Amino acid sequence: MKNDKRKVVLITDGDQSARKSIENIAELVGGRCISLSAGNPTPVSGEDIVQLIKMTLNDPVLIMFDDRGKRGQGKGEKAMDYVINHPDIEVLGVVAVASNTECTKEVDVDVSVDRYGQVVEGSVDKEGFRSTGNLAGDTVEILENENVSLIIGTGDIGKMDGLDSSKKGSPVTLKAVEEILARSGFHARKS
22 MKNDKRKVVL ITDGDQSARK SIENIAELVG GRCISLSAGN PTPVSGEDIV
72 QLIKMTLNDP VLIMFDDRGK RGQGKGEKAM DYVINHPDIE VLGVVAVASN
122 TECTKEVDVD VSVDRYGQVV EGSVDKEGFR STGNLAGDTV EILENENVSL
172 IIGTGDIGKM DGLDSSKKGS PVTLKAVEEI LARSGFHARK S
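Numbering (the working numbering), first residue to last: 22 to 212.
Okay, structure coming up:
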């Protein structure tokens with residue numbers, strides 16, 4: 022039976038640095054990026070994002086979500102919840118980005134990619150160093166209650182003391198996205 026659901030990768034960061042990185046990474050993996058999902062906080066609704074996903078030419082579609090440090094469920098998480106639970110969307114995985122926001126809930130990640138591009142057990146902090154416990158981030162709170170098959174942690178996209186700079190090809194974030202695609206068994210079609 023053919024699966025016609027659109028294949029997406031969710032990223033829990035949407036600032037300008039993340040946008041630049043994710044746009045480049047989408048091209049590198051043969052996919053598309055919903056640039057309108059970038060913003061701090063996420064400027065568009067989940068409904069709008071799903072419509073944009075359906076209009077893209079090919080998968081995987083990379084989408085950014087950001088709560089701008091808001092405690093509880095902010096705009097980014099509300100939009101993410103809608104996308105995750107939409108019947109026409111298949112979430113291949115989530116790149117969960119660590120932050121320093123206080124009093125956030127944490128999420129248990131399957132693995133993380135540290136600041137040096139190594140896949141490690143457990144979580145990392147905002148700078149990409151291995152950390153104890155679960156990953157803390159401002160747009161990851163709802164993930165524990167969602168049916169998402171794969172969550173990979175990273176430090177702050179496009180940053181980590183320049184180690185994930187878009188000028189260097191954002192190697193840490195690229196590794197996290199490639200790991201999701203490999204573990205999900207997805208093979209991009211070139212357009």
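Note that the Cβ used here is the ideal one computed from N, Cα and C, for glycine as well.
Only a predicted model underlies this, so the values are computations on that prediction, with no experimental measurement involved.
Discussion item. Across the segment 187 to 198 and the segment 162 to 178, are there enough close Cβ pairs to call them in contact, namely three or more that are closer than 8 Å?
Written reply: Judged by Cβ distances under 8 Å, the segment 187 to 198 makes contact with the segment 162 to 178, as three or more pairs qualify.
Item to complete: Compare the C-alpha of Thr161 against each of Ser186, Gly206, Lys189, Ser120 and name the closest.
Response: Here residue 161 refers to the residue found at position 140 of the sequence shown. Note that residue 161 is Val in the sequence shown here, rather than Thr. Ranking the options by Cα distance to Val161, first place goes to Ser120.
Discussion item. Is the separation between the beta-carbon of Ala117 and that of Gly158 shorter than 8 Å?
Written reply: On the sequence shown, residue 117 is found 96 positions in, with the first residue counted as 1. On the sequence shown, residue 158 is found 137 positions in, with the first residue counted as 1. If you check the CB distance, Ala117 and Gly158 come in under 8 Å.
Fill in: For Ser144, three-class secondary structure by DSSP
Sequence index remark: in the sequence shown, residue 144 carries index 123 (1-based). Strand.
Practice prompt. Out of Met181, His107, Gln94, state which residue places its alpha-carbon closest to the alpha-carbon of Val169.
Written response: Along the sequence shown, one-based indexing puts residue 169 at 148. With distances taken between Cα atoms, Val169 lies closest to His107.
Discussion item. What would DSSP say about Ser174, mapped onto helix, strand or coil?
Written reply: By 1-based counting over the sequence shown, the position of residue 174 is 153. In the sequence on display, residue 174 carries Gly and not Ser. Looking at Gly174 - three-state DSSP - the assignment turns out to be strand.
Fill in: Three-state class that DSSP yields for Ala119 in the structure shown
What you label residue 119 is simply residue 98 of the sequence shown in a count that begins at 1. Looking at Ala119 - three-state DSSP - the assignment turns out to be coil, as it is neither helix nor strand.
Item to complete: State buried or exposed for Lys211, treating a residue as buried only when at least 16 other CB atoms are found within 10 Å of its CB.
Response: Along the sequence shown, read from residue 1 onward, the residue named residue 211 stands at position 190. Because the pLDDT of Lys211 is 46, which lies under 50, any placement of that residue in the model is unreliable, and the question is left without a value.
Worksheet item: Which value, in whole angstroms, describes the spacing of the CA atoms of His208 and Ile201?
Response: Locating residue 208 in the sequence shown gives position 187, counting from the first residue. Locating residue 201 in the sequence shown gives position 180, counting from the first residue. Answer to the nearest angstrom: the Cα atoms are 11 Å apart.
Worksheet item: How about Val29 and Val112: do their beta carbons lie closer than 8 Å?
Response: As a first step, residue 29 is located in the sequence shown; it is residue number 8 there, counting from the start. As a first step, residue 112 is located in the sequence shown; it is residue number 91 there, counting from the start. Yes.
Item to complete: Answer with buried or exposed for Phe150, where buried requires no fewer than 16 other C-beta atoms within 10 angstroms of its C-beta.
Response: One-based indexing of the sequence shown puts residue 150 at position 129. With fewer than 16 other Cβ atoms inside 10 Å of its own Cβ, Phe150 counts as exposed.
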